[in-house]
Every structure is written in structure tokens, then in C-alpha cells.
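K.L.:
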């Protein structure tokens, strides 16, 4: 994965790259050439992931990143209408934070193997989207209860969630159709890493801790507590 550019610092739990509106560092590691690296993990089916920073945000953060698209403050009451009318404008921002690191690694369990795919931020196209190319499984505010799937040219790409008993807004990207979302002939590097264990629940933390162990980096306490000892052995 790292070739001749190894990680030199774990950024998990770090306050680097944070701000008033970014409470957690969006990157996993700092690499030798001072670029950033992130890792996302999935099981083979249902590969959904939240883009960093904007994938799970409260009203203040959501308005900081999306508020310029609306003439008024976006609230829990206006979130649904805003998304239905502005999804084509929201999407470039969502994609931007899905590829927030210089190097973005997607690790998944496929037929009992660890496979990975790499997408570099520099390959992210600057594109605009036509609202007519989008559809929703819940096409009106009244039909939309909590979750609403967004389709781009007929393919499911995003799930928007607004829960009545929870604060904040949730955005999930369907990785299976992510390259369709990018609308480009993007070359994705991929490979097979080896056998996996059946338990995939802590794969993300385990992968990050394994990298810390291999490159002798200080690991955040969350990784030590959540990682799967079977996968590390």
C-alpha cells in the first residue's frame, strides 16, 4: 500500500487538521512526504461509509459547509426540503470530504481476503451535477420519514438520514457506485492482502493498529481498546 512512502505518524486522536467545525482529525496517518492517508473498511456487501467531517454533523457544522447553498439557516425542519432541491450542489462538497486525504484507502472483506482500493485526491474531478439526473426513494418532504436514498442516473449513491429522536444529520455514500458518482474513468489501484477472520466488526481499528505496529508508531488508546486480537495475531 505504502510503497516507498511509509507512514511516520498516526493522526487518530490527534488535534492536527481540526478546527471549530472539524472536531476530529479527518486523516488516519501522515506519510513520509508530508501527505495524508486515510483508511475506510467494509464488509463485501452493503459498503456504505460516511464522508469525513460532513458525514455526521450538527446544525452548526452542517451550515458551515452547506449554508452558502441556502438563503436561510438549515435546520432540522428545513433539512429535507434543502436536500431535495440542492442535492446536485451538495454532492461536490460530499465527494470532496469523501476524498479528504491525499491518499484514500478502502479496505474490504471479499471471499475471506482483505482487498483494498486506492483513490488519490489529486484524481478527484471537478465536476458539476444536473439536478435532473437525481431521484429519491422518498421524493417529497411528506413521504420522507427518516432515511432517504438518493439515486444518480438510476444508481443508489447516497443515503440521507434525519432521525426524530437524535440530533444532527447523517450522510452515507454507497461505495459500490462511488466511481459512478465521480463520473470519470478513474483508475483505482487494488490488490489482495491475505486471509481474514470471520469477525469483521472491529476491522477498521484493527487495520489502523496493525499499521501502527508495523511502522512502530504511537497508537491512540481507542485503537488499543477496540481492535480485534485475532486479526492481529
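In the numbering used here, the protein residues as written are -11 to 221.
No residue lacks a Cβ here, since even glycine has one placed at the ideal position from N, Cα and C.
Quick caveat: nothing in here was measured; it's all calculated off a predicted structure.
1. Does the region 44 to 53 come close enough to the region 150 to 159 to have 3 or more Cβ pairs within less than 8 Å?
2. Does the Cβ-Cβ distance between residue 108 and residue 90 come in under 8 Å?
3. In angstroms, rounded to a whole number, what distance separates the CA positions of residue 77 and residue 57?
4. For residue 166, which option in 206, 87 and 123 has the closest C-alpha, if you only look at C-alpha atoms?
5. If you scan the region 83 to 132 from start to end, which runs of the beta strand (DSSP E) of 3 or more residues do you find wholly inside it?
6. Looking at the structure shown, is residue -6 part of a helix, part of a strand, or coil, going by DSSP?
7. Under a three-way DSSP split, which group does residue 196 fall into?
8. With a threshold of 16 other CB atoms inside 10 Å of the CB of residue 72, please say whether the residue is buried or exposed.
9. Under a three-way DSSP split, which group does residue 134 fall into?
10. Less than 8 Å between the beta carbons of residue 103 and residue 31, yes or no?
11. Going by C-alpha distance, which of 36, 13 and 21 is nearest residue 28?
12. When DSSP builds the beta bridges, which residues end up paired with residue 147?
13. Taking the alpha-carbon positions, what's the residue 137 to residue 64 distance?
14. Contact check, residue 13 vs residue 6 under 8 Å by CB: the rounded distance?
P.N.:
In brief:
1. Yes, the region 44 to 53 touches the region 150 to 159.
2. It is a contact, given that the beta carbons lie within the stated cut-off.
3. For residue 77 and residue 57, the distance between alpha carbons rounds to 7 Å.
4. Nearest in C-alpha terms to residue 166, of all of 206, 87 and 123, is 87.
5. Fully enclosed beta strand (DSSP E) runs of 3 or longer: 91 to 98, 101 to 108 and 122 to 124.
6. Correct three-state label for residue -6: coil.
7. Secondary structure of residue 196 (DSSP, three-state): helix.
8. That one is buried.
9. Three-state result, residue 134: coil.
10. The answer is no: Cβ separation not under 8 Å.
11. Of the listed residues, the one whose Cα sits closest to residue 28 is 36.
12. Answer is 137 and 160.
13. Straight across, the Cα-Cα distance linking residue 137 with residue 64 is about 18 Å.
14. Residue 13 to residue 6, Cβ: 6 Å. Contact.
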